[in-house]
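Undergrad: Structure incoming, see below.
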Amino acid sequence: MIEAFHNSLIKDSNYNYLLDGLKTTLIVTIVSLFFSLIIGMLIAIVKDYDKNIDPKDKSFKAIFIKILARIFNIFVTIVRGTPSTIQLLIVFNVILVNAESLLLVAIVTFSINSAAYMSEVFRGGINSVDKGEIEAARSLGLSYDKTMKLVVIPQAFKNALPALGNEVITLFKETSISGFIGLVDLTRGAGIIISRTFSAAIPYFVAALIYLLIVLILEKIFNKIEENLAHA
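Throughout the sequence shown, residue numbering follows the UniProt record's numbering, covering 1 to 232 in sequence.
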């Protein structure tokens, strides 16, 4: 067992493929998470705003929001209804076919994919806020924008935190398909080691262990945040 571990990872410094792959995986995850949070929140707010527009309101703003909400509905339906692998291949072979950076292709794909799910997470959080509090804020003269900023979004984030944590973990694990376009992520790094050593067990088990450890760390972080918010 020790000899197999040495031959697979230590010999010829093969472990560097896992370390470099892990670095790529974390970059893709963190950057995609940043953009997906922003886009997802925007989609959720627009869809909530559209729901509260007076049907008789024919102003430019109302019409624009309604059109934007319809576009976002189509976007979410398409992204949630198609496999992430296919999305990655479409971005790589069609949308960003001339892109020189595989890292960019992966970030764009996972930002888009996660944003659709994040939007539903945030929308669920917004819908969970007590309507009485929203009505009270509006009755005090707060605009819709200020009500969302001061009353709804803070509570929506708190209520959506468990689902948000699950989506972050899912995003992290989903990046493992990046190897389909040749990006050397953690999974692809294990594959390269296997191609060099002709031994699959150690590289795959170590890669799986790394994924598991990071997922456990993420779960611990989100559980801690939930505890802190619960006592806030």
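Where is the CB? At the ideal position from N, CA and C, for every residue including glycine.
In angstroms, rounded to a whole number, what distance separates the CA positions of Ile214 and Asn73?
TA: Spanning the two alpha carbons is a distance of roughly 33 Å.
Undergrad: Report the three-state DSSP secondary structure of Ser32 (helix, strand or coil).
TA: Residue state, collapsed to three classes: helix.
Undergrad: Three-state secondary structure (DSSP) at Ala190?
TA: Three-state DSSP puts Ala190 in a helix.
Undergrad: Assign Asp12 to buried or exposed, taking buried as 16 or more other Cβ atoms, counted over all protein chains shown, within 10 Å of its Cβ.
TA: Classification for Asp12: exposed.
Undergrad: Looking at Ser32: is its Cβ nearer than 8 Å to the Cβ of Ser114?
TA: Yes, Cβ-Cβ distance for Ser32 and Ser114 is below 8 Å.
Undergrad: Determine the burial state of residue 265: buried for a count of at least 16 other Cβ atoms within 10 Å of its Cβ, exposed for fewer.
TA: Lying outside 1 to 232, the shown extent of the chain, residue 265 is not represented and no answer is given.
Undergrad: If I measure Cβ to Cβ from Thr25 and keep anything under 7 Å in the same chain, skipping five residues before and after, which residues do I get?
TA: So the list reads Thr175, Asp185 and Leu186, once near-sequence residues are dropped.
Undergrad: Between Ala4 and Ile202, what straight-line distance do the alpha-carbon atoms span, to the nearest angstrom?
TA: Answer to the nearest angstrom: the Cα atoms are 7 Å apart.
Undergrad: Does DSSP put Gly165 in a helix, a strand or coil?
TA: Gly165: helix per DSSP, three-state reduction.
Undergrad: Counting pairs of Cβ atoms below 8 Å between the stretch 68 to 85 and the stretch 99 to 117, do you hit three or more?
TA: Contact between the stretch 68 to 85 and the stretch 99 to 117 is present, because at least three Cβ pairs lie under 8 Å.
Undergrad: Near Ile53, which residues of its chain fall below 8 Å by C-beta distance, leaving aside the five closest residues on each side in sequence?
TA: Once the five neighbours on either side are set aside, the close Cβ partners of Ile53 are Ala62, Ile65 and Lys66.
Undergrad: Using a threshold of 8 Å, state whether the C-beta atoms of Leu171 and Val121 are closer than that.
TA: No, the Cβ-Cβ distance between Leu171 and Val121 is not below 8 Å.
Undergrad: In angstroms, rounded to a whole number, what distance separates the CA positions of Tyr117 and Ile95?
TA: In a straight line, the C-alpha of Tyr117 is about 21 Å away from that of Ile95.
Undergrad: For Leu104, which residues of its own chain have a beta-carbon under 8 Å away from its beta-carbon, when the five flanking residues on both sides are left out?
TA: If we look at Leu104 and ignore the five residues flanking it on each side, its Cβ neighbours are Leu96.
Undergrad: Please list, in chain order, all residues of the same chain as Leu89 whose beta carbon is under 8 Å from its beta carbon, the five residues on each side excluded.
TA: Phe180 and Ile181, listed in sequence order.
Undergrad: Could you check the C-alpha separation between Arg188 and Ile38 for me, to the nearest Å?
TA: Computed Cα separation, rounded: 29 Å.
Undergrad: Can you have a look at Leu140 and say buried or exposed, based on whether 16 or more other CB atoms are within 10 angstroms of its CB?
TA: Exposed: under 16 other Cβ atoms inside 10 Å.
Undergrad: Leaving out five residues on either side along the sequence, give the residues of the same chain with a beta carbon under 8 Å from the beta carbon of Tyr144.
TA: Cβ within range, chain order: Tyr49, Asn52 and Arg138.
Undergrad: When we look at the beta-carbon of Asn123 and count the other beta-carbons within 10 Å, is it buried (16 or more) or exposed?
TA: The displayed chain sequence assigns Arg, not Asn, to residue 123. Under this definition Arg123 is a buried residue.
Undergrad: Which term fits Ser101, buried or exposed, when burial requires 16 or more other beta carbons within 10 angstroms of its beta carbon?
TA: Flag for Ser101 reads exposed.
Undergrad: If Asn16 and Thr197 are in contact, beta carbons under 8 Å, what's the gap, nearest whole angstrom?
TA: Actually they are not in contact, since the Cβ atoms of Asn16 and Thr197 sit about 14 Å apart, beyond 8 Å.
Undergrad: Under three-state DSSP, which class holds Val215?
TA: It is helical.
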